[in-house]
Each structure stands twice: as C-alpha cells, then as structure tokens.
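Structure record follows, encoded as structure tokens.
Residue numbers (the UniProt record's numbering), protein chains in the order written: chain A, 1 to 237; chain B, 1 to 237.
Below, the structure written as structure tokens:
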C-alpha cells in the first residue's frame with residue numbers, strides 16, 4: 001500500500017505538530033510527505049494521486065473546515081471531471097483526514113461548547129469521498145497537541161504511523177500484524193547479535209500472543225452466542 | 001436593517017444566477033452587493049461587517065463547501081481575534097447563506113444520492129456563526145437554477161429579495177408586512193394618478209387581509225386548543 005499525505009498548514013514550518021508528524025514518518029517506507037505550496041501544478045498533483053492507494057488530507061481546523069489553501073487544492077485538483085464520472089479514477093482508493101484542533105475533544109457534541117461532533121463537522125469531506133467513490137477512513141483527530149503529555153505523544157506517534165501506513169489499522173489484530181512487520185523490518189537492519197536476540201524474542205512473544213488472542217476471541221463469541229435469546233438480544237441488559 | 005451580501009463566485013461575471021441575484025436587488029435600499037476579489041483589504045472588510053446587521057455569504061457549493069475564495073475571506077477576515085472573545089463584535093447580528101448547487105434538491109438526504117441534507121453539509125457555517133455569537137438564518141439554497149421555469153424564477157426573485165431585506169421573512173405575516181412596505185415605497189414614486197389608485201387599492205386589500213388573517217389564526221388556535229387532550233396531544237392522529 002502506498003500513502004500520500006497532503007499537508008496544508010499556512011504556518012507549516014512553525015507548527016510543532018506538523019514537524020512531529022513529519023519526523024515520525026522518517027523511517028517508514030511507502031509514505032510520501034507532500035506539503036502544498038500556494039502554487040502547484042494540477043497535472044502533477046493528479047499524477048501523484050493516481051500513484052497512491054491511501055490519500056490523507058492533513059490540516060488544522062480553521063472555522064470548522066480546511067484552511068483556504070487546502071480548499072484551493074481540492075477545488076483545483078479534484079475539480080471538474082478528474083475524479084468524477086465516467087472514469088472515477090480514484091474509485092476504491094482510501095481517503096483519510098488528519099485534523100488538528102485547538103479545542104478539547106470533550107468540547108465537541110450536542111449540548112457542548114462546540115455544538116457538533118467532529119464527524120458532523122467533517123461531513124463535507126465524507127460527502128466528497130463518496131462522490132468520487134473513494135473509501136472514507138475514520139478521521140484522525142488530534143485535539144490540543146500542545147497540552148499533551150510526553151506519554152500521550154508517544155501513543156500518538158504510533159497511532160499516526162499506523163494511520164499512515166497500516167492497511168488495516170482499525171482492529172487489534174490488524175495493529176498487532178503491523179507491529180510484527182515493523183519488528184521484522186527492524187531485525188533485518190540490526191547487526192549486533194544481542195539486539196537481534198532481544199527483538200526476535202519480542203517478535204515471538206507478540207506472534208504467539210496473536211494465536212492466544214484468536215482462541216480467546218473464539219471462546220468469547222461462543223459465550224456471546226449462548227447468551228443471546230431468540231430475539232437476538234444478548235441478555236445483558 | 002442594513003444587509004451586506006458577500007459574493008464569492010470564481011466565475012462571477014459568467015454566472016447567470018449571480019447576475020440574476022444582483023439585478024433583483026437594484027431598486028432595494030439598505031443592501032450592499034459586495035463581490036470578493038482575490039485581493040482584499042482585511043481592515044476594510046471588517047469595517048463593512050461592523051456597519052451591517054445582516055451578513056449574507058453567497059456562493060456556489062464546491063465539494064460540499066464554499067469555494068476557496070470564500071474560505072480565504074473567512075480565514076482572513078473572521079480570523080484571529082476579530083469576532084471572538086472578549087469583544088464578540090459581531091454578536092447578535094445575523095448570518096445567512098445563499099448557496100447555489102448543480103444537484104437537485106431531492107438528491108440530498110439519508111439514502112439519497114448526496115447522502116446528507118444541506119443542513120448537515122452546511123454545519124461548519126452554523127458552528128462558525130455560533131462561535132462568534134451571531135444568529136444563524138435558515139440557509140437559502142437554490143438548486144439547479146438553470147433548469148427552473150420562468151415562474152419559479154419570479155418566485156425565487158421575491159424570496160431572495162426578502163432573504164436580503166426582510167427582517168422577519170420566515171412567517172406569513174412578516175412576509176405580508178414586507179410586501180406592504182414595498183407597495184408603499186412604490187406608491188411614493190408614482191406620479192400617474194391611475195397607477196396610484198391601483199396600487200393604493202392593492203395595498204388596502206392586502207392590509208385588510210392582514211386583519212382577517214389575524215382573526216382566522218385566533219379561531220384556528222381556539223379549535224386546536226379545544227381538540228387537545230390532557231396530555232397535550234392534538235387528537236388528530
């Protein structure tokens with residue numbers, strides 16, 4: 001899977017968050033970090049889109065939408081007939097969003113200060129994705145990066161790496177598989193024998209954990225089925 | 001009430017719809033038609049905003065949002081602290097949207113080709129309006145202007161004029177009051193006696209109709225109250 005990350009941030013070089021994200025991708029394969037400049041070549045942008053499987057639009061939320069620079073890119077590059085009927089050249093590729101906000105996550109939703117959920121606020125992107133027959137990924141939203149602890153940043157880093165490069169990031173087994181691949185990759189680059197043994201042991205542990213997990217899931221589904229009544233309710237309420 | 005109509009249309013001069021709207025305002029007072037050019041002076045725009053009571057953002061829907069030009073205007077003019085705490089300089093003013101779309105009205109909504117309602121698609125503008133403590137007017141959406149009949153265009157013309165200039169356009173009595181004011185205005189400009197008599201008679205008819213309407217509404221509310229059961233249901237289902 002090849003991923004294109006289109007970054008539109010009016011103060012990109014001063015943005016701590018964008019620098020953090022860019023650096024976190026440094027050692028990963030098949031990811032293209034692609035910041036938008038005010039002048040771009042529509043033809044080149046379209047070529048780039050076609051040569052990738054996962055397209056990520058990455059921007060800070062300005063007035064509950066993308067900054068004008070990102071909107072210009074969308075209007076010009078996706079505009080006209082490029083991604084529409086009859087060819088639908090982007091069909092079945094994925095479209096993800098990485099959105100940073102200055103508001104707290106708890107502020108979004110009915111009856112809360114920001115009134116609407118992020119899912120609602122990002123509907124125009126969901127509608128656009130559907131229009132060009134792409135697959136809409138769950139948006140990756142980062143609230144108040146600057147207030148996060150170092151531990152939260154570490155978690156964010158691997159979550160972000162997976163959003164960028166893991167073809168199956170939304171369930172636990174997909175995440176474990178991705179970690180295994182990362183470890184294997186790391187092993188191949190090691191030359192100190194002690195390090196190799198360490199990483200190999202971690203790899204084996206994770207891999208056998210995967211099998212145990214499958215057993216556990218099977219057992220759980222048995223218990224769940226037994227508990228369901230004839231109406232398909234699970235009897236837990 | 002003073003109204004400012006901010007028009008962002010990348011091909012404004014070729015747009016039949018925008019020309020139609022502009023011309024329809026020609027004889028109305030207290031409306032400023034204000035097309036955005038790619039270069040604008042943020043200070044001047046803010047002055048203009050402050051000197052109006054109803055602000056209307058008018059644009060064609062591009063990828064389920066405003067064109068980049070309108071977004072740039074919003075980012076720059078509303079940006080930073082202009083309309084936010086602690087002053088909230090736009091507080092209690094109205095914000096309306098005039099949105100033209102190439103899709104049919106029937107296409108919007110759950111399970112329909114466009115998936116979401118226009119209310120949902122325009123949520124970012126609603127959230128923005130709330131953020132600066134303005135009042136959000138029901139968006140004025142024009143679907144497929146080019147396919148409308150001449151009769152539909154005539155209706156659209158008075159609806160649009162009211163959206164631009166009627167402080168109370170959302171109920172019937174507010175609309176009648178607006179028509180009366182329009183007629184009075186027309187009368188003052190007439191010099192042919194026959195025309196004056198004609199318009200005066202139309203005015204009287206509309207005005208006395210207003211009183212009859214009030215009687216009718218009172219009777220209806222009596223009937224409705226009598227029909228309501230103790231739970232507040234109206235007994236009509």
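Every residue gets a Cβ at the ideal spot worked out from N, C-alpha and C, and that includes glycine. In this text, all values refer to a predicted model and were calculated from it rather than measured experimentally.
TODO: For the segment 59-140 of chain A, list the beta strand (DSSP E) runs that are entirely contained and at least 3 residues long, ordered along the chain.
DONE: 94-101
Task: For residue 56(A): DSSP bridge partner residues - done: 5(A), 96(A)
Open item on the list: Closer than 8 Å is the cut-off here; do at least three beta carbon pairs connect the segment 98-116 of chain A with the segment 71-78 of chain A?
Closed with: no
- [ ] With 8 Å as the C-beta to C-beta threshold (strictly closer), list the residues of the segment 78-103 of chain B near chain A in chain order.
- [x] 78, 79
TODO: Please determine, among 127(A), 113(A), 171(A), the residue with the shortest C-alpha to C-alpha distance to residue 95(A).
DONE: 127(A)
Task: DSSP bridge partner residues for residue 32(A) (one or two, in chain order) - done: 4(A)
TODO: Scan the segment 192-218 of chain B for residues whose Cβ lies nearer than 9 Å to a Cβ of chain A and list them as they occur along the chain.
DONE: none
- [ ] Give me whichever residues DSSP pairs with residue 143(A) in a beta bridge.
- [x] 101(A)
TODO: Output yes if chain B places a C-beta closer than 8 Å to the C-beta of residue 118(A); else output no.
DONE: no
Open item on the list: 8 Å is my cut-off, CB to CB: does residue 33(B) come that close to chain A?
Closed with: no
TODO: Please state whether DSSP places residue 188(B) in a helix, a strand or coil.
DONE: helix
Task: Contacting residues, own chain, Cβ-Cβ under 8 Å from residue 33(B) (five flanking each side not counted) - done: 5, 7, 22, 25
Open item on the list: What residue range does the alpha helix (DSSP H) around residue 149(A) cover?
Closed with: Premise fails: residue 149(A) is in no alpha helix (DSSP H) and is neither H nor E.
Task: Own chain, CB closer than 8 Å to residue 67(A), minus 5 neighbours either side, in chain order - done: 8, 9, 10, 59, 60
Open item on the list: I'd like the span of the alpha helix (DSSP H) that includes residue 47(B), first residue to last.
Closed with: 42-50
Task: At least three beta-carbon pairs within less than 8 Å, the segment 135-145 of chain A to the segment 90-104 of chain A - done: yes
TODO: Taking only beta carbons into account, state which residues of the segment 120-154 of chain B come closer than 7 Å to chain A, listed in chain order.
DONE: 120, 121, 123, 124, 127, 128, 130
- [ ] Output yes or no for whether 8 Å exceeds the beta carbon distance between residue 55(B) and residue 93(B).
- [x] yes
- [ ] Taking only beta-carbon positions, decide if residue 23(B) is within less than 8 Å of chain A.
- [x] no
Open item on the list: Threshold first: 4 residues or longer. Then list the alpha helix (DSSP H) segments lying entirely within the segment 160-189 of chain A, N to C.
Closed with: 172-189
Task: Burial state of residue 218(B) (16 or more Cβ within 10 Å) - done: exposed
Open item on the list: Any beta carbon from chain B within less than 8 Å of residue 163(A)'s own beta carbon?
Closed with: no
- [ ] Helix, strand or coil for residue 205(B), going by three-state DSSP, please let me know.
- [x] helix
Task: Same chain only: Cβ atoms within 6 Å of residue 168(A), ignoring 5 sequence neighbours per side - done: 174
Open item on the list: Quick check: the Cα distance between residue 186(B) and residue 29(B), rounded to an integer number of angstroms?
Closed with: 12 Å
TODO: Using a Cβ-Cβ cut-off of 8 Å, state whether residue 235(A) counts as contacting chain B.
DONE: Any reading at residue 235(A) must be qualified, since the residue scores a pLDDT of 49, below 50, and its modelled position is unreliable; no value is offered.
- [ ] Classify residue 12(B) as helix, strand or coil using the three-state DSSP reduction.
- [x] helix
Task: Contact set for residue 121(A): own chain, Cβ-Cβ below 7 Å, skip 5 residues either direction - done: 64
TODO: Check each residue of the segment 42-69 of chain A: if its Cβ is closer than 7 Å to any Cβ of chain B, include it; give the result in chain order.
DONE: 62, 63, 64, 65, 67, 68
Task: residue 16(B) classed as buried or exposed, judged by whether at least 16 other C-beta atoms fall within 10 angstroms - done: exposed
Task: Neighbourhood of residue 180(A) by C-beta distance below 7 Å, restricted to the same chain and skipping five residues each side - done: 203, 206, 207
Task: Same chain, Cβ closer than 8 Å to residue 129(B), neighbours up to 5 away in sequence not counted - done: 95, 135, 136
TODO: Could you check what DSSP says for residue 157(A) in three-state terms: helix, strand or coil?
DONE: helix
TODO: Under 7 Å between beta-carbons, which chain B residues line up against residue 114(A)? List them in chain order, please.
DONE: 127
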